[in-house]
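Novice: In the order they appear, the protein sequences are chains A and B.
At the far end of the first sequence sits residue 232, using my numbering, and the numbering has no gaps.
At the far end of the second sequence sits residue 232, using my numbering, and the numbering has no gaps.
Protein chains: 2
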Amino acid sequence: MHRISSEHEHKILNENSRIAEHLRAHFADHNILCLNIISAPGAGKTTLLERTLESLPPETRVAIITGDIQTDNDAVRLARYGFPVKHITTGGACHLEAPMIERALADWDLDDIDVLLIENVGNLVCPASYDLGEAAKIVVLSCAEGDDKPLKYPAIFFKAELLVLTKTDLLPYVCFDIEAAEQNAHRQRKGLEVVRVSALSREGIAPWLEWLGRKRDAVRPAAGAVA
Amino acid sequence: MHRISSEHEHKILNENSRIAEHLRAHFADHNILCLNIISAPGAGKTTLLERTLESLPPETRVAIITGDIQTDNDAVRLARYGFPVKHITTGGACHLEAPMIERALADWDLDDIDVLLIENVGNLVCPASYDLGEAAKIVVLSCAEGDDKPLKYPAIFFKAELLVLTKTDLLPYVCFDIEAAEQNAHRQRKGLEVVRVSALSREGIAPWLEWLGRKRDAVRPAAGAVA
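(1) Could you give the distance in angstroms between the alpha-carbon of Ile9 of chain A and the alpha-carbon of Leu61 of chain B?
(2) What does Ala30 of chain A reach in chain C if we use C-beta pairs closer than 8 angstroms?
(3) Of all the CB atoms in chain B, is at least one closer than 8 angstroms to the CB of Ile183 of chain A?
(4) Taking DSSP as the reference, what is the three-state secondary structure of Asp34 of chain A?
(5) Going by Cα to Cα distance, which pick from B:Phe181, B:Val120, B:Glu102, B:Ala48 is closest to Gly72 of chain B?
(6) Using a Cβ-Cβ cutoff of less than 6 angstroms, which residues in the same chain neighbour Lys91 of chain A once the five nearest sequence positions on both sides are dropped?
(7) Would DSSP call Thr71 of chain A helix, strand or coil?
(8) If you measure from the beta carbon of Ser147 of chain A to each beta carbon in chain B, is any gap under 8 angstroms?
(9) Does the distance from the C-beta atom of Leu115 of chain A to that of Ala141 of chain A stay below 8 angstroms?
(10) When the Cα atoms are used, what is the spatial distance from Leu83 of chain A to Asn125 of chain A?
(11) Only counting the same chain, and skipping five residues up and downstream in sequence, which positions put a Cβ closer than 8 angstroms to that of Asp182 of chain B?
(12) Where does Arg225 of chain A sit, in a helix, a strand or coil, going by DSSP?
(13) What span of residues does the beta strand (DSSP E) with Glu198 of chain B cover, start to end?
(14) The alpha helix (DSSP H) that contains Val81 of chain A, what's its start and end?
(15) Span of the beta strand (DSSP E) holding Ala141 of chain A?
(16) How many Å lie between Pro46 of chain B and Ala227 of chain A at the Cα?
(17) Using alpha carbons as the reference points, say which of A:Trp213, A:Gly209, A:Leu156 lies closest to Asn189 of chain A.
(18) Considering only residues of the region 162–207 of chain B, which uninterrupted beta strand (DSSP E) runs meet the minimum length of 3 residues and lie entirely inside it, listed in chain order?
(19) I want to see whether chain B comes within less than 8 angstroms of Asn78 of chain A, judged by CB atoms only; does it?
(20) Quick check on this structure: which residue in A:Glu208, A:Ala204, A:Trp213, A:Arg207 has the alpha carbon closest to the alpha carbon of Glu198 of chain A?
(21) If the cut is a Cβ gap below 9 angstroms, which residues of chain A does Asn130 of chain B touch?
(22) Quick one: grab the DSSP three-state call for Asn41 of chain A.
(23) Out of A:Leu122, A:Leu175, A:Ile43, which one is the CA nearest neighbour of Pro89 of chain A?
(24) Along the chain, where does the alpha helix (DSSP H) containing Leu156 of chain A start, and where does it finish?
(25) Tell me which same chain residues have a C-beta within less than 7 angstroms of the C-beta of Ser22 of chain B, skipping the five on either side of it?
(26) Roughly how many whole angstroms lie between the Cα atoms of Asp117 of chain A and Arg66 of chain A?
(27) Can you give me the Cβ contacts of Gln193 of chain A inside the same chain, cut-off strictly under 7 angstroms, excluding the 5 residues immediately before and after it?
(28) Any idea which residues DSSP pairs Leu121 of chain A with across the strands?
(29) Below 8 angstroms between beta carbons: does that hold for Leu40 of chain A and Thr171 of chain A?
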């Protein structure tokens, strides 16, 4: 996020927060778990979502919004799994904003959705500043990047509730100390949960789905409660 | 770069361009080759610079400016090679801006520099919008990312004069079609030069240094010319 100190940016962020709170209230009313997934370009967000969608029972009511500056490649990849997918082409914008999400949702019936997964624009900086009304942010870091990334991009590691360390199958071939990466992430946020995933070998997909299920249960109305 | 359409952003970019032109004139006066190196986080900019600095004769008058949101890790890594290095911690800003470069240069004697290498903040979006007075932008893309990145982040591939494809040693282990990546880059900019580099095996370092030498020669005053 740049020029955060300017009055103009504060105005944009305030307006974004207002709409995000509005979305959050809507999601709560409809018992929807909304997750905002953020990473650098090429960290493997879309592949993680592919593994997720192919593992879910077809009756799971998941919907996906993808954001990219150009192309709807990710949305096309994800639409193959049969769940509703919408794509936002941001044009010049380096992140998704709450009003974009509000517009994308306009012709979806929220009563048909249990989990809304938002794949943000590939950018480890600016998306951290824009609340989209999500229940939690998830940061995705690939083992092909560097284990000091949580120190260099502190905001997103401070704000996320889960760190997904992807491409663990590459660990034998790269200089990446996975323990150091986790320690650096915990310096930004004590207690940040971590799952280690290889989309290739599918190792770690089960703990990731387990985390997703737990989050889902937390927003579901208690059994027997009156809706 | 976000909110480019707003009057406020235009004002910032105009002011940035004014200072960048001022820097460009200074660099020309002093026969300095200035290069602005841009990539996603973890694409291998710093490692490429390490291989570069260790390959240069000590009499080469290279100086380096690194930018990061937090930490001076990159500058510390690069300072070991004995060339002057300055670090800019941008705080919240997701890119370097021309006034930051102007301030960083204030106490360096430009007559002592032949090549100025600027390692921008790890971000494939916003740095593309900010001219730093460079002779050329270089975009670095790692083979651990995706071969469709030039389609998804068109601006930087359109503006760069050289694409450095890094981490080619990982090609056997990743789904990355290097020919497709180059074709996608050439869809953004016909004639974009490409070098393929493995910092691990050092393959491709020679063609990269050869490109650097050619660019250096282009700004050097002709032999026998009166300064």
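No residue lacks a Cβ here, since even glycine has one placed at the ideal position from N, Cα and C.
Predicted model only: the values in this text are computed from it and were never measured.
Specialist: Judging by the given coordinates:
(1) Low local confidence applies: a pLDDT of 47 at Ile9 of chain A is under 50, so the model's placement there is unreliable, with the coordinate-based value given in what follows. About 40 angstroms.
(2) Of the chains in the structure shown, none is chain C; the protein chains are A and B.
(3) no
(4) helix
(5) B:Glu102
(6) Ile70, Ala109
(7) strand
(8) yes
(9) no
(10) 14 angstroms
(11) Asp152
(12) coil
(13) 198–201
(14) 78–84
(15) 141–147
(16) 42 angstroms
(17) A:Leu156
(18) 167–171, 198–201
(19) yes
(20) A:Trp213
(21) The sequence shown places Val at residue 130 of chain B, rather than the Asn named in the question. What Val130 of chain B touches in chain A: Pro46, Ile74, Gly97, Ala98, Cys99, His100, Val126, Gly127, Asn128, Val130, Cys131.
(22) strand
(23) A:Leu122
(24) 154–157
(25) Asp136
(26) 7 angstroms
(27) Pro155, Pro159, Phe162, Phe163
(28) A:Cys39, A:Ala68
(29) no
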